[in-house]
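Per the numbering used here, residue -12 is the first one in the sequence shown, and the count goes up by one each step.
By construction, the Cβ of each residue, glycine as well, lies at the ideal position given by its N, Cα and C atoms.
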Amino acid sequence: MRGEHALLTDSDVLVNPLVATATSPDLGSIVLILLASTLGALLSRVNRRVVLPTVILEIGLGILIGPQVLDWAQVDSYSQLLADFGLSLLFFFAGLEVIKHRVPTKDLRRGTLGWALSLAIALGLCLVLQRAGLDAEWWLLAVALATTSLGTLVPILSDAGVLRTPLGVAVLGTGVAGEFWPIIVISVFITSTYGAAAEVALLIGFGALVMLAVGIALRARPPLALRILRETLYTTGQVGVRASLFLIAALVLVSTDAGFDFVLGAFAAGLIIGLVLDSPTGEVVRLKLEGLGYGCFIPVYFVVTGMAFDLDSFLSAKGIGLALLFLGLLFVIRGVPALLWRGGLRRSEVASLALFGATGLPLIVAIVGIGVSEGAMSNAVGASVIAAGMLSVLVFPVIGTRLADRHAAAGGGST
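Following this line, the structure appears as structure tokens:
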């Protein structure tokens, strides 16, 4: 996915024939997509005791209104553009999360070691599956199954009072590694334009450019710019928001021109903006960016993903069986590294960490979308992998939180 095609990702790759080619926007479809995103947020909070992950409902409603069920809405180039921007913002906020939570270095190192262990396990298992006839590149499937959805876990852990405990810190270390390293891998090795060695050299150069931008942003801070930033926080100027969106677009352009996948540029923008906004004034800008992203573009991305979901393939006996298999692989691949935290956590907390680490969906959707578009994974396998990610978000955090609550109730003090 390079150059001019870099942002044609998830929704048009899972079911390519469903993407419309209209020259004018299908406003009816866009209205229905926005309605589905709104209903997803509303329905997730109907029952206070059972708060469903919004992303699951968004994908489900997208399937419902899409061509394979009610056929009320179609994916055209305009809704695709909105979804692509939502995917960029999703990776942008992943970068912000890395900075926001200030994970201790030792936990980042342990999380990275755990991710390397996950990838090694995943590569071995997925190689066996490919040789058994699975229609997917083994290494790409391995990367997809070695991810963790930190953005999904943070609000769940925060609501449960787990985030600021030793278990919460361990989840952050695991989650940061489970988001950062897969992004690096898919940026370097998927559809390599110049070869792996050249891509690594370019990645180092891109990293140096990002660090230079960070240094300039943190040290310069001219008084005039800071004054304008503060004065426009609550006016129509919104300099902080506009500058952030500019940086996202600029780094996406640089990363695609350098031959990387666009997600690396969006993620790097999140890291830079996260460091720059590390202040009370910056917190206001961050909240406004979250309102823009999670209030509009990111939900559109997940609804459009649902509209393009290969439901027929998934509903076959083979598709459901593969989804359950991938769910089990997620738990094994991302759960085993939880053993690295045995020295600092109780047994029930290690089990919780294994379940939290195996929770993944947004990155899975993105990687599957990229893989299908490059011909490295079939639609049917991709649909089953995404279904497994959806099940992991529905099941694993609930069980993990209950285990943590039981530990606290028994006097462990974790929550």
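Proximity to residue i [Cα-Cα], best of the options
i	options	result
S11	L140, S66 and L154	S66
V323	R97, V272 and V241	R97
G278	A60, L48, L77 and I354	L77
G15	A60, G257, G160 and G148	A60
E336	I307, T388 and K305	T388
I373	V33, R32 and G47	G47
L95	A28, L29, L22 and V156	V156
I86	G376, G369, A256 and G280	A256
L137	A81, W125, E124 and G376	A81
I52	L83, V18, T41 and V263	V18
G280	L69, A338, T41 and G73	G73
T99	L21, W328 and V287	W328
M198	V141, I260, A245 and D244	I260
A129	F167, L316 and V163	L316
L39	R118, L140 and T92	L140
A310	L121, F167, L68 and V90	L121
L57	P91, V380, A295 and T268	A295
W102	L83, I20 and G165	G165
G162	C113, W125, P91 and R36	P91
L69	E84, V42 and F284	F284
L196	V241, V42 and V226	V241
L243	L262, D13, V42 and S75	Sequence check: residue 243 is Thr here, not Leu. Taking only the C-alpha atoms, the option nearest T243 is S75.
R407	F249, R151, L312 and V380	No answer is possible for residue 407: it lies beyond the span of the chain, which begins at -12 and ends at 402.
Neighbourhood of residue i by C-beta distance below 6 Å, restricted to the same chain and skipping five residues each side
i	result
I143	P384
A9	Reliability of the predicted coordinates at A9 is poor, the pLDDT of 46 falling under 50, and the value obtained from them is presented with this limitation in mind. Cβ within range, chain order: D63.
L378	L314
G44	Per the sequence shown, the amino acid found at residue 44 is Leu instead of Gly. G27, L30 and S31, listed in sequence order.
F79	I235, A253, A256 and G257
L106	A133
L264	V272 and R273
A123	M364 and V368
A109	A129, L132, A133 and I320
G376	G347, L348 and I351
F318	A345
V290	I20, A23, S24, E45 and G49
C113	W125, L128 and A129
A237	none
Segment limits, alpha helix (DSSP H) that includes residue i
i	result
P349	P349 to S360
T292	I285 to M294
E124	Where E124 is concerned, there is no enclosing alpha helix (DSSP H), given that its DSSP letter is neither H nor E.
P267	P267 to L279
R229	V226 to D244
W102	T92 to R118
V33	Element bounds for V33: n/a, residue is neither H nor E.
G252	F249 to V263
G282	Per DSSP, G282 belongs to no alpha helix (DSSP H) and is neither H nor E.
A363	Looking at the DSSP string, A363 is not in any alpha helix (DSSP H), and its letter there is neither H nor E.
Q67	S64 to K87
L340	R334 to G344
Neighbourhood of residue i by C-beta distance below 7 Å, restricted to the same chain and skipping five residues each side
i	result
Q55	L298 and D299
L104	V323 and P324
A131	I351, I354, V355 and V372
L485	The structure shown has nothing for residue 485, since the chain only spans -12 to 402.
Buried or exposed (CB count within 10 angstroms, at least 16 for buried), residue i
i	result
M364	buried
R273	buried
L350	buried
V115	exposed
R321	buried
E270	exposed
G330	exposed
G160	buried
I215	exposed
I307	exposed
Y181	At Y181, the pLDDT of 49 sits below 50, so the modelled position is not reliable and the matter cannot be decided from this model.
V33	exposed
G369	buried
L302	exposed
P286	buried
P169	buried
A304	exposed
S174	buried
G293	buried
A119	exposed
T268	exposed
Own chain partners of residue i with C-beta closer than 8 Å, once the 5 adjacent residues on each side are dropped
i	result
V228	V272, K275, L276 and L279
L154	L332, E336, S339, L340, A391 and S401
>> Can you confirm whether the stretch 382 to 390 touches the stretch 336 to 343 when touching is taken to mean that 3 or more C-beta pairs between the two stretches lie within less than 8 Å?
In response: The stretch 336 to 343, when compared against the stretch 382 to 390, does touch it at the 8 Å Cβ threshold.
>> Any contact between the stretch 215 to 222 and the stretch 231 to 239? By contact I mean 3 or more CB pairs, one from each, below 8 Å.
In response: These segments do not touch.
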